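Accompanying notes for the structure given below.
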Amino acid sequence: MTWNDFIQEFNDKFDNQMTMKVHQNKFNNIKKGYMSVTEVVRKFNKLARLCPHLMPTEDERIRALHTEYRLAQAKQERAKLFEENKKEKSQSKQNQEINRTVRETEPS
Numbered sequence: 001m002t003w004n005d006f007i008q009e010f011n012d013k014f015d016n017q018m019t020m021k022v023h024q025n026k027f028n029n030i031k032k033g034y035m036s037v038t039e040v041v042r043k044f045n046k047l048a049r050l051c052p053h054l055m056p057t058e059d060e061r062i063r064a065l066h067t068e069y070r071l072a073q074a075k076q077e078r079a080k081l082f083e084e085n086k087k088e089k090s091q092s093k094q095n096q097e098i099n100r101t102v103r104e105t106e107p108s
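For the sequence shown, position 79 matches number 79 in UniProt numbering, and the numbering has no gaps at all.
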C-alpha cells in the first residue's frame, strides 16, 4: 500500500465519520432562528435523511408524548394546589384580622 493509498483510505473512512458527526450536531441543535417554518422543515428533513439513526421510532415518539402529557398534568395539578394553598392562607389571614378587630372593639 502506498502512502497515497493510505491517505485516500484514511480520508474515506474518517472524513466521512467527521462529516457524519457534523451533520448529527446540526440535527441535534437545529434552531429556527431567522428561518421560516418551511426552511426549518426543509433543513430538518435533509438532516434526518443524513442521520436516520437519530430519528425516534414510533414507540419512542409515543412514549415521549405520554411522558410530556403526564408532566403537563402534574404541572397543572401543582399550579392548582398552589392556588388553593394561596387562597387558604389569604382566608386565614383575613380571619385573623377579623378576630383581632373584634377583640380590639370588645369592651373590657
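Just so you know, even glycine gets a beta-carbon here, dropped at the ideal spot from N, CA and C. Bear in mind that the values here come from a model prediction, so they are computed numbers and not experimental data.
Are the beta-carbon atoms of residue i and residue j separated by less than 8 Å?
i     : j     : result
Leu54 : Ile30 : no
Val22 : Lys32 : no
Contact defined as beta carbons within less than 8 Å: I believe residue i pairs with residue j. What is the distance between those atoms, to the nearest angstrom?
i     : j     : result
Phe27 : Cys51 : 5 Å
Can you list, in chain order, the residues of its chain whose CB lies under 8 Å from that of residue i, leaving out five sequence neighbours each side?
i      : result
Thr105 : none
Ala64  : Pro56
Nearest to residue i by CA position, among the options, is which residue?
i     : options             : result
Met20 : Arg49, Glu77, Lys80 : Arg49
Looking only at its own chain, which residues have a Cβ that is under 6 Å from the Cβ of residue i, when we skip the five neighbours before and after it?
i     : result
Gln24 : Cys51
Can you give me the Cβ contacts of residue i inside the same chain, cut-off strictly under 7 Å, excluding the 5 residues immediately before and after it?
i     : result
Glu60 : none
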